[in-house]
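Protein chains in written order, with the UniProt record's numbering: chain A, 1 to 308; chain B, 1 to 308; chain C, 1 to 308; chain D, 1 to 308.
Number of protein chains: 4
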Amino acid sequence: MVSPTDSFRGVIPPVITPLTTDGELDVASYAAVLERLIDAGVDGLFLLGSSGEAAFSTDARRREILAEGMRIVDERVPVFAGVIDTQTERVVAQARTAQELGVDALVATAPFYALGGPEVVERHFRVIRERVDLPLFAYDIPVCVHTKLEAAMLLRLGSEGIIDGVKDSSGDDVAFRQLARANAAAGRPLALLTGHEVVVDGAYLSGADGAVPGLANVSPEPFVEQWRAAQAGDWDTVRLLQDELADLMRIVAVTSGVSGYGAGVGSFKTALQLMGVIRTNTMTEPVAALEGENVRAIAAVLEEAGLL
Amino acid sequence: MVSPTDSFRGVIPPVITPLTTDGELDVASYAAVLERLIDAGVDGLFLLGSSGEAAFSTDARRREILAEGMRIVDERVPVFAGVIDTQTERVVAQARTAQELGVDALVATAPFYALGGPEVVERHFRVIRERVDLPLFAYDIPVCVHTKLEAAMLLRLGSEGIIDGVKDSSGDDVAFRQLARANAAAGRPLALLTGHEVVVDGAYLSGADGAVPGLANVSPEPFVEQWRAAQAGDWDTVRLLQDELADLMRIVAVTSGVSGYGAGVGSFKTALQLMGVIRTNTMTEPVAALEGENVRAIAAVLEEAGLL
Amino acid sequence: MVSPTDSFRGVIPPVITPLTTDGELDVASYAAVLERLIDAGVDGLFLLGSSGEAAFSTDARRREILAEGMRIVDERVPVFAGVIDTQTERVVAQARTAQELGVDALVATAPFYALGGPEVVERHFRVIRERVDLPLFAYDIPVCVHTKLEAAMLLRLGSEGIIDGVKDSSGDDVAFRQLARANAAAGRPLALLTGHEVVVDGAYLSGADGAVPGLANVSPEPFVEQWRAAQAGDWDTVRLLQDELADLMRIVAVTSGVSGYGAGVGSFKTALQLMGVIRTNTMTEPVAALEGENVRAIAAVLEEAGLL
Amino acid sequence: MVSPTDSFRGVIPPVITPLTTDGELDVASYAAVLERLIDAGVDGLFLLGSSGEAAFSTDARRREILAEGMRIVDERVPVFAGVIDTQTERVVAQARTAQELGVDALVATAPFYALGGPEVVERHFRVIRERVDLPLFAYDIPVCVHTKLEAAMLLRLGSEGIIDGVKDSSGDDVAFRQLARANAAAGRPLALLTGHEVVVDGAYLSGADGAVPGLANVSPEPFVEQWRAAQAGDWDTVRLLQDELADLMRIVAVTSGVSGYGAGVGSFKTALQLMGVIRTNTMTEPVAALEGENVRAIAAVLEEAGLL
């Protein structure tokens, strides 16, 4: 098995979940997505993240996504599993399933729906780690959970070995820089991964250990190349690749009349369908698949990028 | 069986979930809480709501709470079941379990964690109703789900028979009054229940069909008496009872160093333990039970109210 | 002079500011609005509040609104003056102008634009009172200033004689009830006025000492009648008048394509123009006057209410 | 006069406003701050910005700050003036004063206190520009005004010559990158300045034309050096200087018991006092000056940075 400790670095895309038109997991399309990412040289894969529509999927579907994913990946790269649920006991239940299926690391958010302040958040991560013995990443995503994870808490948990890293989707690059500085001063107990595909270059300057870019589903190679350039200190390449990727990310912005996951993950799925990687751009209820003018607008961006 | 249509009115407390010190369901204490509420003359019971710590409980625990509750209640009053989960497919799964266990009505929030705008919210309720044939209440609780349910949508869903009522915990009494006026003008397709135990009197003036007061766990009789006074137009009694209940609600405010469910539901449990109704004030992870000075402060309020 | 101490009760409308088509103060229309309110029996007038577009008006215009208002009112009822500005020194400057013009009381919000926590808010009110010797109301309007005034602070300031009352536009009726209960227990150091014209009845049940209803610009008599009914304990009349007023408040909701002050104060001005009380419905930059379908929709509501 | 068009680039610090212990403008200290910044080679100066405590200052004080600043700077670098006020007419009044005093460019936020949607925001900037003929920067600072300026609007206003640039303090680096890409595609009608001193390096990678770093009050030279390195494509220097500056920025984070401007600008003033540049760290009401342990903590950070 790949050692997770060496592998919490680099490009680790959050994998989308292709569906058939009647909403079942499209295993063949899923395999195509995964093979394409592995072929591009990614350093790991993140299943059941936000891009994977974990929040929309039943427990049975989550298990299926993870089980099929583990089978297809077959230990070629480490697999991170999102264990997205409201509170500790429910997250532990998700984590035990993931552990049983052999994943390499868990990714858990702060508690949500019911909020209770920072002590409760810290206890949440401690209890998860105590009950499930797997590397654990804290997923900082206030837009979904309405709590920002504090740097001091993250470092304390890292130093004590409760968490192994942070997946930062906070949109707060100032806080990320300060976390990176404090982590460096503390001897780097945490692997710091950015989830913001449009400013990965800035995150690498800030000291990020890798990226979890949803857009890599559509175009993985530039992210892999960018990571290697960052490792080599070739910042002009890092920056120019980022500009290209930012332009490609307009597939999300050119849609109209939709918001949230319908626009975001919906655009990734639509692009992959247009590119022939997956068969449908079906989303999980209650989100509708993109159609008509929105599909045409995405196709135009892909053409400009040379992907169609 | 009690006919739900006649019964979506009056006082319908959201029942707390007593636990043993090691976190298991304390069935004897649970029965004591339920019997006390039924004896007080409540018009229905709401299991697996926010006060019931549904968000903190695993699916197995949720099923246990519902199954034991149905057994104990034994059709003496109608039972509403919360089906709290992130998105449609997961809510449908919760709803099927509740239906199987024989509940009289479902209570579902807007989607949360991932937000997608009003069309997505409306579709969410439509799909739930289509897949599970039970009376359905929309639970308007933006503090948890970060979406306010719009009056126009609620009325449209009510008029089409998709939803049967609204449990309003929005804290927006202006919107509630306007919803009540529009509902009256439309022939009252919706039963409107307020979740704000401190201003139930104002909600009754506004035209509410009942209340879902968490504080009724501690002191149910005044809420029952208040509802009867409101039905009789005896507003001075309604108001004076409300003042007493507002004073009792200080059990939540006198705690310090805790927030959210630890303060709210934690105070209800602590009061019930002090009053000898339940055995422990244990909360579900990651929330700690109240102790020390906080318990003494709650005891003082209960004494002032003549409940100790 | 009217004694402010006796007069911080009852119906105290926040007066709109009529403008000519080229944006100057329309003194004749302003006098018509003020005379109509005084004739209806209001207990006071609030100039330079939110409905008065204080936030949109230059200091010179604010002075003109206040000076003309004082001249027209001529001590027949007490005048409250809003002193809306970002921080303490600027509010003090506004307050000195108001004092010079002879107003009876000041109304100040928490600091805004730059926030600094509760100690800073408390110091703000203390410094204002120290520098300008006039009765002072705290204006609780988090939707504008993004700070909620805490009950404990308000009571402390009231007990020490720093503030004389609260104008509550917080939309948090639970907090208002608890403030009213605590104020009663402390011997009523604060006059509590509600700014929510749609649920004044609930606020009166909660113990409010009066109301500051923007809608009274359009229809003052029912608010005056409602206050008298509340004083007499005739709650059915209070409630039925409130239902009528809630229906009339739909003039704000029937507009489309506008939000904020354009819809709110814009509707009040449009209604008054339609009713022949003022000459134009011009708003202060950057807000456009309502026109076309929006005006027709407001006219329809006024007709239903028998006001056209 | 310096041509503003050539000069909207580079390092343009938002200058703090030194006060005497009794709260008057300390002109000698102010001159020391300004001379130190000009000596360090900054490309412009921003007076009456957030760091300048404009929001806290009366109109008379604002005029004094600007007049003294213009006299001291004496056309050696271009001066930007903040015209921070609630709504259009008030901003225009501020802008006319600034124009009269000879500033080179204006910086205006979206309307605040009363919000009205995107059309109203756009009209706001159009009216300001129409009434005051000076280069105009849009100041994107949602934490203060609770509106995010949309990229499409900014580009439209830029292309039409209504605004000349954007000062971005939005904290949204994803939006900033996309704005920079769209601005490049449109022929760079806008000068884009970042206000986030902790991640200026990422902003330069994104294509920023300069920075407005409050921390430059304390340590200007590294920002000047960093800008020159960025112009030369020496990204490793850019990054390493940023790491140092991020560490220095801990002067804000090491304080406790204060928040907002008390911590932010308060730390800058305290550092400058400790370094002997200004005489007091007095803040404008209602913000208290830092003292005791907070001062010692700031001193420790300055010592680590070699600034004491």
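Beta carbons: idealized from backbone N, C-alpha and C, even for Gly.
Would you say residue i faces chain C, with C-beta separation under 8 Å as the test?
i, result
"His196 (chain D)", "no"
"Leu45 (chain D)", "no"
"Gly117 (chain D)", "yes"
"Ala40 (chain B)", "no"
To the nearest angstrom, how far is it from the Cα of residue i to the Cα of residue j?
i, j, result
"Pro13 (chain B)", "Phe125 (chain A)", "32 Å"
"Val120 (chain C)", "Met283 (chain D)", "12 Å"
"Gly260 (chain A)", "Asp85 (chain D)", "33 Å"
"Met70 (chain C)", "Leu106 (chain C)", "14 Å"
"Glu221 (chain D)", "Ala40 (chain D)", "5 Å"
"Thr21 (chain B)", "Thr280 (chain B)", "6 Å"
"Pro118 (chain D)", "Leu302 (chain A)", "30 Å"
"His146 (chain D)", "Gly44 (chain B)", "43 Å"
"Ala211 (chain A)", "Val200 (chain A)", "7 Å"
"Asp140 (chain D)", "Ser170 (chain D)", "6 Å"
"Leu274 (chain C)", "Asp59 (chain D)", "39 Å"
"Ala208 (chain B)", "Leu241 (chain B)", "17 Å"
"Ala253 (chain A)", "Val174 (chain D)", "12 Å"
"Ser267 (chain B)", "Asn217 (chain B)", "11 Å"
"Ile16 (chain C)", "Ser57 (chain C)", "12 Å"
"Pro111 (chain D)", "Glu293 (chain D)", "38 Å"
On the DSSP bridge assignment, give the partners of residue i in chain order.
i, result
"Ala138 (chain C)", "C:Ala108 and C:Val166"
"Leu25 (chain A)", "A:Leu19"
"Pro14 (chain D)", "D:Phe46"
"Ala185 (chain A)", "According to DSSP, Ala185 (chain A) bridges with nothing at all."
What residue range is occupied by the uninterrupted beta strand (DSSP E) comprising residue i?
i, result
"Leu48 (chain B)", "Looking at the DSSP string, Leu48 (chain B) is not in any beta strand (DSSP E), and its letter there is neither H nor E."
"Gly82 (chain A)", "Val79 to Gly82"
"Ala191 (chain B)", "Ala191 to Thr194"
Spatial neighbours of residue i within its chain, please: C-beta separation below 7 Å, excluding the five flanking residues on both sides.
i, result
"Arg96 (chain A)", "Val132"
"Gly165 (chain C)", "Phe8, Phe137, Leu190, Ala191, Leu192 and Leu193"
"Thr5 (chain C)", "Only weak support exists for where Thr5 (chain C) lies, its pLDDT of 44 falling under 50; the value from the coordinates is given anyway. Excluding sequence neighbours, Thr5 (chain C) sits near nothing in its chain."
"Ala288 (chain C)", "Gly262"
"Tyr204 (chain D)", "Ala230 and Val238"
Whose C-beta lies closer than 6 Å to the C-beta of residue i among residues of the same chain, with five residues either side of it excluded?
i, result
"Val198 (chain B)", "Ala246 and Met249"
"Leu179 (chain C)", "Ala151"
"Val295 (chain B)", "Thr270"
"Ala32 (chain A)", "Val277"
"Trp235 (chain D)", "none"
"Trp227 (chain D)", "Gly10 and Val11"
If you measure from the beta carbon of residue i to each beta carbon in chain A, is any gap under 8 Å?
i, result
"Ala208 (chain D)", "no"
"Gly262 (chain B)", "yes"
"Val15 (chain B)", "no"
"residue 345 (chain D)", "Here chain D has residues from 1 to 308 only, and residue 345 (chain D) is not among them."
"Val174 (chain D)", "yes"
At a Cβ threshold of 8 Å, is residue i touching chain D?
i, result
"Glu64 (chain C)", "no"
"Thr270 (chain C)", "no"
"Gly292 (chain C)", "no"
"Ala300 (chain A)", "no"
If you drop the 5 nearest sequence neighbours on each side, which residues of the same chain put their C-beta closer than 8 Å to that of residue i?
i, result
"Ser219 (chain D)", "Leu245, Leu248, Ala305 and Leu307"
Check whether the Cβ of residue i lies closer than 8 Å to any Cβ atom in chain B.
i, result
"Arg177 (chain C)", "yes"
"Ala108 (chain A)", "no"
What are the boundary residues of the alpha helix (DSSP H) that includes residue i?
i, result
"Ile278 (chain B)", "Note, Ile278 (chain B): premise wrong, no alpha helix (DSSP H); not H, not E."
"Leu248 (chain C)", "Trp235 to Leu248"
"Tyr204 (chain B)", "Val200 to Ser206"
"Thr88 (chain A)", "Thr88 to Glu100"
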